[in-house]
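A.B. asks:
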Amino acid sequence: MARKLFFLVLMCSTTALITCTNGGSGGAGAGLQMKLIHVDAKGNYTAEELVRRAVAAGKQRLAFLDAAMAGGGGVGLPVHWATLQYVAEYLIGDPPQRVEALIDTGSDLIWTQCSTCLRKVCAKQSLPYYNSSASSTFAPVPCAAKICAANDDLIHFCDLAAGCSVIAGYGAGAVAGTLGSEAFAFQSGTAELAFGCVTFTRIIQGALQGASGLIGLGRGRLSLVSQTGATKFSYCLTPYFHNNGATGHLFVGASASLGGGHGDVMTTPFVKGPKGSPFYYLPLVGLTVGETRLPIPSTVFDLREIAPGFFSGGVIIDSGSPFTSLVHDAYDALAAELTAQLNGSLVAPPAGDDGDGDTTTLCVARREVGRVVPAVVFHFRGGADMAVPAENYWAPVDKATACMVIGSAGPYRRQSVIGNYQQQNMRVLYDLANGDFSFQAADCTAL
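The sequence shown lines up with residues -20 to -1, 1 to 427 when you count with mature numbering (1 follows the signal peptide of the UniProt record, and there is no 0).
1. Over the uninterrupted alpha helix (DSSP H) stretch that includes A316, give me the two end residues.
2. Okay, do the region 84 to 103 and the region 150 to 165 touch, 3+ Cβ pairs below 8 Å being the bar?
3. Have a look at R99 and A421 and give me their C-alpha separation to the nearest angstrom.
4. Counting Cβ pairs closer than 8 Å, one from the region 102 to 111 and one from the region 67 to 79, do we hit at least three?
5. For A364, does the count of other Cβ atoms within 10 angstroms reach 16, so buried, or fall short, so exposed?
6. What residue range does the beta strand (DSSP E) around Q420 cover?
7. Should Q185 go down as buried or exposed, given a rule of 16 or more other Cβ atoms within 10 Å for buried?
8. Would you call G360 buried or exposed, if buried means 16 or more other Cβ atoms sit within 10 Å of its Cβ?
9. Would you say the beta carbon of K252 is closer than 6 Å to some non-hydrogen atom of the ligand PLP?
10. Give me the Cβ distance between M14 and L188, rounded to the nearest whole Å; I'm assuming they're in contact under 8 Å.
11. Assuming L318 and L342 form a contact by the criterion Cβ under 8 Å, report the distance between their Cβ atoms to the nearest whole angstrom.
12. From G190, I183, G176, pick the residue whose C-alpha is nearest to that of L196; which is it?
13. How would you write the range of the beta strand (DSSP E) that S161 sits in, first residue to last?
14. Which residues in the same chain have their Cβ closer than 6 Å to the Cβ of R407, if we skip the five residues on either side of it in sequence?
15. Applying the 10 Å Cβ sphere with the 16-neighbour rule, what's the burial state of N400?
16. In three-state DSSP terms, what is E271?
17. Quick one, are the C-beta atoms of Q207 and L173 less than 7 Å apart?
18. Just to confirm before moving on: does the CB-CB distance between S396 and T247 stay below 7 Å?
19. So P330 and D378 are in contact, right, with Cβ under 8 Å, and what is the actual spacing, rounded?
20. In terms of alpha-carbon separation, which member of D244, T304, T227, A316 lies closest to A426?
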């Protein structure tokens, strides 16, 4: 009964999409909170298997980012880590139905697979498909509603019932369905949101890893952040390994903040991205390995408009990319300096893992990582320095060997990406009102 009452506070209109909060879960205006866990946390995988799965997912993600660039373009949850990204758990509808969704700062649409999925065209998931006909709070979004055409990166059209149908593309494939409005309940906080009720999923097998769908946290009007009117959000991601079952957290709205970490809070301004782009761009200006500043011109990280409406380069912070990738010139300088500093500690990579032509595989004995591998510092405009310890950019690839997992973007891709592996045990704050990105070292398992 208490769970049902949790949803009865939702009296928002279908098109206004304003945030509703539950006074019993943090007070009005407290925002939303969710627990986060990695998508593979429920699988019985070794550390080496997790890394291999993340590498494969990272290649899919880069394909999505390339496609997105070519086109120009208060809530709290628990979060756990996944092959592709971290997963939030929440409830939809009245009576409530459980959903698990990947969180993604690089896209906008919130969607979940629905029970009306066409036969054999939706991905397998751990929970039952969401059934809109069983919910008293579900309403279809009309094709004529402004929210139907709110995002430039979605294909939208009118279906035979005058409803709003949408298609969203990703590196792993595409999903299609209808846009609806529904009551969402998170770990704390509730909201009425427009979301995709997906009836067709054509993605690479295993890409969802049992999750039900996706929560977009990007800059577009259909993202969770935009729909709730939040001006900030924050998260703290627990480690891929040795997290002792602890969950991270995502906060959207007034509850998003820093503090509780064990390092100084660093702040840098966002770089203005292309119109309609969901991405969050950061002003990276240089790298330091140990005590050595790399001879990299800051211009290699610049976002450039190469033709009207078409952009190249830039550096994005992305919860949906497992590993960091650097534009080729920066990667070459990083690999060369690490090779010089590690010198006699380097070992041959495992058989069959000798790079992909653009990336040199650097490896050391697994037991030596903490002793011999130096920290790397990412320098951002305004004096904000992100110190990346060895365990956040080296990973075990077999029982005896660990290798660097920062990769090269390749000779033709000019965009750099800061992935979620680098963001482990770091509290981050996206302050959209002030246009700033802040971060602080933290023990995310203890927060």
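The C-beta atom is built at its ideal place from N, Cα and C for all residues, glycine as well. Here the structure is a predicted model, which means the values were calculated and not measured.
C.D. replies: Put simply:
1. Start and end: 308 to 322.
2. The answer is yes - the region 150 to 165 touches the region 84 to 103, with three or more Cβ pairs under 8 Å.
3. For R99 and A421, the distance between alpha carbons rounds to 46 Å.
4. Segments in contact, yes.
5. A364 should be labelled buried.
6. The continuous beta strand (DSSP E) containing Q420 extends over residues 416 to 421.
7. Q185 is classed as exposed because its beta carbon has fewer than 16 other beta carbons within 10 Å across all chains shown.
8. It is Phe, not Gly, that sits at residue 360 in the sequence shown. F360 comes out buried.
9. The ligand PLP is not among the ligands present in this structure, which contains no ligands whatsoever.
10. In this structure M14 does not touch L188 by the C-beta definition: roughly 18 Å separates them, more than the 8 Å allowed.
11. About 6 Å separates the Cβ atoms of L318 and L342, confirming a contact at the 8 Å cut-off.
12. In the sequence under discussion, the amino acid at residue 196 is Gly, which differs from the Leu named in the question. The closest CA to that of G196, considering only G190, I183, G176, is found on G176.
13. Following the DSSP letters along the chain, one finds S161 inside the beta strand (DSSP E) bounded by residues 153 to 165.
14. Counting only Cβ-Cβ distances below 6 Å, and skipping sequence neighbours, we find C216, L238, G241, Q420, A422.
15. Buried is the call here.
16. Three-state result, E271: coil.
17. Yes, the Cβ-Cβ distance between Q207 and L173 is below 7 Å.
18. No, these two residues do not count as a Cβ contact at 7 Å.
19. Their Cβ separation, rounded to whole angstroms, is 5 Å, which keeps P330 and D378 in contact under 8 Å.
20. Distance check between A426 and each of D244, T304, T227, A316 places T227 closest, using alpha-carbon atoms only.
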